[in-house]
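Below is one structure, written out as structure tokens; comments come after it.
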Amino acid sequence: MSKKSNVQLFWLVLNIAVGAMLAVGGIWALQGSGDFGAKAIRSIFNGDVAKILVLVFGVIELLSGIFIILQLFIGERMGQFGKILKLIIVIVWAVAIVLADFLGNGGLLNGGANNFLSWLYDFAMHLIILCALLVTRD
């Protein structure tokens, strides 16, 4: 297998993984739970506003995940809509990293330094996902 086909295989796997992760996170948000991004939204907002924003985020996340996977098979037929959804996801994920990993309960500035290795592991995992979101198809 040539080096180019290895890269294409890894690119395919990364797109499927990110698309599946977003789709599942969106489904969880629509069911009332959510992933890291939904939890960060709940840490900022309360009550009905939080519920509405998490539902909206869940729909955006679900559609973005589906579009990432579909683009592997149908190309760039989604146009700018998929890119806008992806941008929203990236922004929310980046804000969630700042809120949860630095400012939130167990964040570096709020008790996370007490268990630094655990904090560092979570932070690295969140950064890996952010980078995967950035490098997968727009």
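Note that the sequence shown covers residues 8 to 145 in the working numbering. C-beta atoms are modelled at their ideal positions from N, C-alpha and C, and glycine is treated no differently.
Assignment of ASP42 by DSSP, reduced to helix, strand and coil, places it in the coil class. Out of LEU134, VAL61, LEU140, ALA27, the CA that lies nearest to the CA of ILE91 is found in LEU140.
When DSSP states are grouped into helix, strand and coil, LEU116 belongs to the coil group. A check of alpha carbon separations from VAL66 across LEU94, GLY32, LEU79, ILE81 identifies GLY32 as the nearest. C-alpha of LEU16 to C-alpha of GLY44: approximately 28 Å in a straight line. Within a 10 Å sphere around the beta-carbon of LYS93 sit 16 or more other beta-carbons, which makes this residue buried.
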